[in-house]
Each structure stands twice: as structure tokens, then as C-alpha cells.
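Numbering (this note's numbering), first residue to last: 127 to 221. For reference, the structure discussed in these notes is given below.
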């Protein structure tokens, strides 16, 4: 529990610094092909913080890969730049 709280705090600090850049990034839409809500994580392939419905508009703050080479995106709300967390990059469609 303590690690999750620390990870969430660290994520908030990183995203807060980059939140103003989120609006300048690509606009994306959650598009999980499995039809289930898209898991949001504290770090790439880390603990699940929650889930997002298909169709939600988000902004990309940063891209990264995990230890297995899978692509991840740090996302924020498209309307106000508030941080959301990390999602599997293949499940968001950017335009």
C-alpha cells in the first residue's frame, strides 16, 4: 500500500510539471479492442489504479517502453490536463 501511495505521488509530481504540455500533445481516444475498460497504471506495467471507458478523450504526456519492450503512454485528461496514469499505448488512437 505504501509503495502504491508513493508511486501515485511521484506520478502526480511528474505529470504536474508536464501538464501544461499535455494540451499541446496529440489528442487521443481510448480504443481498447477487447471491449473492456482500459486499465490505468501507476507506472508502465505497474499496479492498476483504475480503468477508462472506450471513447474517452485524453492527451499524451510521454511515451515509454517497459522491460518487455511493450509501448506505454502517460496520459492526462484532454479538457484540463489533469494526470490520469499510464496505459498500454496500442489501446489509444491519436489524431
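Positions of the beta carbon are idealized from the N, C-alpha and C atoms, including for glycine.
Next on the checklist: With H, G and I counted as helix, E and B as strand and the rest as coil, what does DSSP make of residue 130?
Outcome noted: Residue 130 sits at position 4 when you count from the first residue of the chain shown. Reliability of the predicted coordinates at residue 130 is poor, the pLDDT of 45 falling under 50, and the value obtained from them is presented with this limitation in mind. Looking at residue 130 - three-state DSSP - the assignment turns out to be helix.
Checklist entry - Comparing alpha-carbon positions, which option in 195, 188, 158 lies nearest residue 179? => result By 1-based counting over the chain shown, the position of residue 179 is 53. Nearest of 195, 188, 158 to residue 179, Cα basis: 158.
Next on the checklist: Check for me: the beta strand (DSSP E) holding residue 178 runs from which residue to which?
Outcome noted: For the purposes of this step, residue 178 is identified with residue 52 of the chain shown, where counting begins at 1. Where residue 178 is concerned, the enclosing beta strand (DSSP E) stretches over 174-178.
Next on the checklist: Here's a check: name, in chain order, each residue in its chain whose Cβ is nearer than 6 Å to the Cβ of residue 174, leaving out the five neighbours to either side.
Outcome noted: Counted from its first residue, the chain shown places residue 174 at position 48. Correct list, in chain order: 165, 167.
Item to check | Straight-line Cα distance separating residue 160 from residue 206 | outcome: Position 80 of the chain shown, counted from the start, is the residue given in the question as residue 206. Position 34 of the chain shown, counted from the start, is the residue given in the question as residue 160. Taking the straight line from one Cα to the other gives about 28 Å.
Checklist entry - Hey, would you say residue 154 sits closer than 9 Å to residue 218, going by beta carbons? => result Taking the chain shown and counting its residues from 1, one reaches residue 154 at position 28. Taking the chain shown and counting its residues from 1, one reaches residue 218 at position 92. The answer is yes: Cβ separation under 9 Å.
Checklist entry - Quick one: Cα of residue 190 to Cα of residue 152, how far? => result The residue labelled residue 190 in the question sits at position 64 within the chain shown. The residue labelled residue 152 in the question sits at position 26 within the chain shown. Between residue 190 and residue 152, the C-alpha separation is close to 15 Å.
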